[in-house]
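Enquirer: From first to last, the protein sequence lines are chains A and B.
Counting in numbering that gives the first Met the number 0, the first sequence runs from 0 upward without gaps.
Counting in numbering that gives the first Met the number 0, the second sequence runs from 0 upward without gaps.
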Amino acid sequence: MLDVGRHPNIDLLTYSEVEKVEGAAGAFKVTVRKKARYVEEDKCTGCGACSETCPTIVPDAYEEGLGTRKAIYPLFAQGIPSTRTIDPDYCRQLNGKKCGICAKTCQADAINFDQKDQVLELDVASIIVAAGYDVFDPSRIPEYRFQEIPNVVTAIQFERLLSASGPTGGHVDRPSDLAVEAEIRELEKKEKKSAKALARFEEKHGEDSETFYGKFQSGQYDDDDHKKWAEKYEAHLAIVEPLEAMKKRAASFAPARKLAFIQCVGSRDFRFYPFCSGYCCMHSIKEAIIANEHEPETTSTIFGMDIRAVGKGFEEYKIRGGNKSGITYMRGRVAEITEGPNRNPVVIYEDTKERKVKAEEFEMVILATACAPSNGIIELSGIAGFELDDYRFVKTSPLSPVDTTVPGIFVCGCAESPMDVPESVAQASSAAERAAEIAFQEDEEKEKAVA
Amino acid sequence: MSKEILVIGGGIAGMQSSLDLADMGIKVHLVEKLPSIGGKMAQLDKTFPTNDCAI
Numbered sequence: 000m001l002d003v004g005r006h007p008n009i010d011l012l013t014y015s016e017v018e019k020v021e022g023a024a025g026a027f028k029v030t031v032r033k034k035a036r037y038v039e040e041d042k043c044t045g046c047g048a049c050s051e052t053c054p055t056i057v058p059d060a061y062e063e064g065l066g067t068r069k070a071i072y073p074l075f076a077q078g079i080p081s082t083r084t085i086d087p088d089y090c091r092q093l094n095g096k097k098c099g100i101c102a103k104t105c106q107a108d109a110i111n112f113d114q115k116d117q118v119l120e121l122d123v124a125s126i127i128v129a130a131g132y133d134v135f136d137p138s139r140i141p142e143y144r145f146q147e148i149p150n151v152v153t154a155i156q157f158e159r160l161l162s163a164s165g166p167t168g169g170h171v172d173r174p175s176d177l178a179v180e181a182e183i184r185e186l187e188k189k190e191k192k193s194a195k196a197l198a199r200f201e202e203k204h205g206e207d208s209e210t211f212y213g214k215f216q217s218g219q220y221d222d223d224d225h226k227k228w229a230e231k232y233e234a235h236l237a238i239v240e241p242l243e244a245m246k247k248r249a250a251s252f253a254p255a256r257k258l259a260f261i262q263c264v265g266s267r268d269f270r271f272y273p274f275c276s277g278y279c280c281m282h283s284i285k286e287a288i289i290a291n292e293h294e295p296e297t298t299s300t301i302f303g304m305d306i307r308a309v310g311k312g313f314e315e316y317k318i319r320g321g322n323k324s325g326i327t328y329m330r331g332r333v334a335e336i337t338e339g340p341n342r343n344p345v346v347i348y349e350d351t352k353e354r355k356v357k358a359e360e361f362e363m364v365i366l367a368t369a370c371a372p373s374n375g376i377i378e379l380s381g382i383a384g385f386e387l388d389d390y391r392f393v394k395t396s397p398l399s400p401v402d403t404t405v406p407g408i409f410v411c412g413c414a415e416s417p418m419d420v421p422e423s424v425a426q427a428s429s430a431a432e433r434a435a436e437i438a439f440q441e442d443e444e445k446e447k448a449v450a
Numbered sequence: 000m001s002k003e004i005l006v007i008g009g010g011i012a013g014m015q016s017s018l019d020l021a022d023m024g025i026k027v028h029l030v031e032k033l034p035s036i037g038g039k040m041a042q043l044d045k046t047f048p049t050n051d052c053a054i
């Protein structure tokens with residue numbers, strides 16, 4: 000990533016979208032809209048002082064909704080470029096409210112609320128489409144109850160939980176526990192505020208709230224000021240009591256140690272995508288191995304029709320996971336997920352070895368979601384004119400796997416079909432070579448003309 | 000006549016293509032929809048089968 004950011008031959012156009020493609024191979028004219036970040040790229044040093052002081056808290060899409068960010072933000076900590084971006088949907092100033100705190104904080108004077116989108120015209124010889132994929136939305140499968148049961152998460156959410164730079168610092172904390180902890184923080188803030196209000200009354204009347212309230216109830220006071228105090232005290236109790244109960248519950252929270260992974264969520268399913276996404280078996284094994292490395296008592300059960308470990312070193316990885324990392328491979332498709340006691344998901348499945356339908360409780364369930372064609376690719380195919388296949392991946396042919404239907408436009412990565420990282424890298428180099436041929440062809444033609 | 004190439008998407012595939020082309024001496028314009036490059040792979044903790052760090 001860093002290499003891309005500082006390569007002198009790479010012009011990095013982030014927060015930008017392609018609007019128009021004209022011309023043909025060797026001479027494309029492309030219009031790119033560089034969206035306003037409201038932060039001057041050449042001034043911003045990426046220090047992050049603005050994000051610290053910004054008062055607006057927004058759910059973080061990068062953390063898959065498990066964490067929060069501010070309205071002025073970096074996509075993630077090590078993001079390239081490090082220039083901050085103001086989210087126009089949430090920023091108070093841009094939505095007509097009074098704010099501008101980031102502008103006051105910024106020492107580099109980089110905040111510019113009047114910044115406009117820039118439209119750039121590029122002349123290029125060829126184009127590479129590496130637009131990627133979307134993660135399948137598992138709430139489309141009602142029997143898995145994603146979002147209804149908090150401890151059912153997607154593989155990419157689980158990846159963020161495992162990450163040391165993620166919202167839990169690498170601990171596999173259950174989302175139901177995280178929600179309670181967030182509520183505690185919220186109530187603590189309220190408690191602090193109401194305690195301050197009570198302290199003012201206590202100082203004024205020289206009496207602590209509890210003894211006052213006892214006297215108030217026995218009818219000693221009935222003036223307005225004391226009535227107000229009593230109301231405040233009642234409100235305070237209404238905060239403190241549930242807060243204490245929640246804190247007691249939170250004391251017993253522990254990271255999830257019994258995990259279930261469910262394969263083929265959205266893929267190999269004729270209701271959604273009939274194809275195999277290819278990499279999900281491996282990422283479930285990987286996540287189970289890493290979880291076991293973090294907490295050695297962790298056990299995982301991977302439910303799948305079969306485990307497809309096709310690749311160099313993959314089968315060995317699968318066997319190692321079974322032998323050393325507490326993974327059990329269970330053949331069968333999960334019929335349903337329900338919620339049991341202690342917010343534990345219950346997986347209902349058929350054990351195909353014993354020919355029995357079973358229900359087993361887990362602390363967390365991870366869904367291996369399909370590699371879905373990206374939504375943006377439809378728009379892009381309309382703009383650039385290349386065709387898509389039946390599933391909406393970019394159409395190619397077996398003998399020219401990186402050529403789209405438009406000469407001079409090439410494709411690589413998951414925009415072409417589901418594939419893992421090593422395959423994406425190999426295909427990317429292949430597409431680069433095909434695209435370079437066109438750029439160099441022109442040179443040769445020019446040389447010939449001169450000769 | 001130009002010797003420049005456009006790459007759409009700044010994930011692992013787009014970054015690899017861009018670096019290969021840039022190393023050949025070709026000027027690359029890398030367009031990414033989000034504020035930073037990295038794509039889905041930047042969200043990953045480790046990659047299989049070597050458990051190498053994704054970033």
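Glycine residues also receive a C-beta, built at the ideal position from the N, C-alpha and C atoms.
1) Helix or strand or just coil, what does DSSP make of phenylalanine 409(A)?
2) If you run the structure through DSSP and keep just helix, strand and coil, what is alanine 76(A)?
3) What does alanine 414(A) reach in chain B if we use C-beta pairs closer than 8 Å?
4) So with CB distances below 7 Å, who are the chain B contacts of tyrosine 461(A)?
5) Sort Lys188(A), Glu40(A), Ala26(A) and Lys19(A) by Cα distance to isoleucine 437(A) and report the nearest one.
6) Using only the alpha-carbon positions, how far apart do cysteine 411(A) and phenylalanine 385(A) sit?
7) Under 8 Å, Cβ to Cβ, is there at least one residue of chain E near arginine 36(A)?
8) Check for me: the beta strand (DSSP E) holding valine 152(A) runs from which residue to which?
9) Can you have a look at valine 118(A) and say buried or exposed, based on whether 16 or more other CB atoms are within 10 angstroms of its CB?
10) To test your reading of the DSSP string, which unbroken beta strand (DSSP E) runs of 3 or more residues are found completely within the region 8–59 of chain A?
11) Would you list, in chain order, the members of the region 281–313 of chain A that have their beta-carbon closer than 9 Å to a beta-carbon of chain B?
12) Report yes or no: do three or more beta-carbon pairs, one from the region 26–41 of chain B and one from the region 79–87 of chain A, lie closer than 8 Å?
13) Any contact of the region 316–323 of chain A with the region 279–287 of chain A, i.e. 3+ C-beta pairs under 8 Å?
14) When you compare the CB of aspartate 462(A) with every CB in chain B, is at least one pair closer than 8 Å?
15) On the CB-based measure, 16 or more other CB atoms within 10 Å of its CB, does serine 217(A) come out buried or exposed?
16) Given this structure, state the Cα-to-Cα distance separating phenylalanine 112(A) from threonine 104(A), to the nearest angstrom.
17) Can you check DSSP and say which residues form a bridge with arginine 68(A)?
18) Taking only runs of the beta strand (DSSP E) that begin and end inside the region 73–144 of chain A, which ones reach a length of at least 3 residues, in chain order?
19) Which residues of chain B have a Cβ atom closer than 7 Å to the Cβ of alanine 234(A), listed in chain order?
20) Quick check: is the beta carbon of valine 27(B) nearer than 8 Å to any beta carbon in chain A?
21) 8 Å is my cut-off, CB to CB: does glutamine 106(A) come that close to chain B?
22) Suppose the cutoff is 7 Å on Cβ atoms and the five residues either side in sequence are ignored; what does the same chain contact list for threonine 67(A) look like?
23) Find out if the Cβ-Cβ distance for the pair asparagine 150(A), valine 345(A) is shorter than 8 Å.
24) Could one say the Cβ of proline 344(A) lies closer than 8 Å to chain B's Cβ atoms, at least one of them?
25) If you run the structure through DSSP and keep just helix, strand and coil, what is lysine 311(A)?
26) Rounded to whole angstroms, what's the CA-CA distance from alanine 124(A) to arginine 267(A)? Just pull it up for me.
27) Note the first and the last residue of the continuous alpha helix (DSSP H) segment covering proline 241(A).
28) Output the distance between the C-alpha atoms of threonine 351(A) and glycine 168(A), rounded to the nearest integer angstrom.
Expert: Put simply:
1) Residue state, collapsed to three classes: strand.
2) Collapsing the DSSP output to three states places alanine 76(A) in coil.
3) Chain order gives the chain B residues near alanine 414(A) as Gly8 and Ala12, where near means a beta carbon separation below 8 Å.
4) The requested residue 461(A) does not occur in the structure, where chain A is confined to residues 0 to 450.
5) Isoleucine 437(A) has its Cα closest to that of Ala26(A), out of Lys188(A), Glu40(A), Ala26(A) and Lys19(A).
6) Looking at the backbone, the Cα of cysteine 411(A) and that of phenylalanine 385(A) are separated by about 14 Å.
7) In the displayed structure, chain E is absent; the protein chains listed are A and B.
8) That run of the beta strand (DSSP E) goes 151–153.
9) With fewer than 16 other Cβ atoms within 10 Å, it is exposed.
10) Within the region 8–59 of chain A, the runs of beta strand (DSSP E) at least 3 residues long that lie entirely inside it are, in chain order, 9–12, 15–23, 26–33 and 56–58.
11) Within the region 281–313 of chain A, the qualifying residues are Met281, His282, Ile284, Lys285, Glu286, Ile288, Ile289, Glu292, Ala308, Gly310, Lys311, Gly312 and Phe313.
12) For the pair of segments examined, the region 26–41 of chain B was found to touch the region 79–87 of chain A: the number of CB pairs separated by less than 8 Å reaches three.
13) Because the criterion of three Cβ pairs below 8 Å is met, the region 316–323 of chain A and the region 279–287 of chain A touch.
14) This structure does not reach residue 462(A), given that chain A is present from 0 up to 450, and the question cannot be answered.
15) Serine 217(A) counts as exposed, since fewer than 16 other C-beta atoms from the protein chains shown sit within 10 angstroms of its C-beta.
16) Between phenylalanine 112(A) and threonine 104(A), the C-alpha separation is close to 14 Å.
17) Under DSSP, arginine 68(A) takes part in a beta bridge, and its partners are Val57(A).
18) Secondary structure remark: continuous beta strand (DSSP E) runs of at least 3 residues inside the region 73–144 of chain A, in chain order: 117–123, 125–128 and 132–134.
19) Simply none; closest approach about 42 Å.
20) Cβ-Cβ to chain A under 8 Å: yes for valine 27(B).
21) By this cut-off, glutamine 106(A) is not an interface position.
22) For threonine 67(A), where only same-chain residues beyond five positions count, the Cβ hits under 7 Å are Ile56, Val57, Pro58 and Asp59.
23) Not in contact: asparagine 150(A) and valine 345(A) (Cβ atoms no closer than 8 Å).
24) Interface residue (Cβ-Cβ distance to chain B less than 8 Å): proline 344(A) is not classified as such.
25) Coil at lysine 311(A), not helix or strand.
26) The alpha-carbon separation between alanine 124(A) and arginine 267(A) amounts to approximately 39 Å.
27) Start and end: 223–249.
28) Approximately 38 Å between the Cα atoms of the pair.
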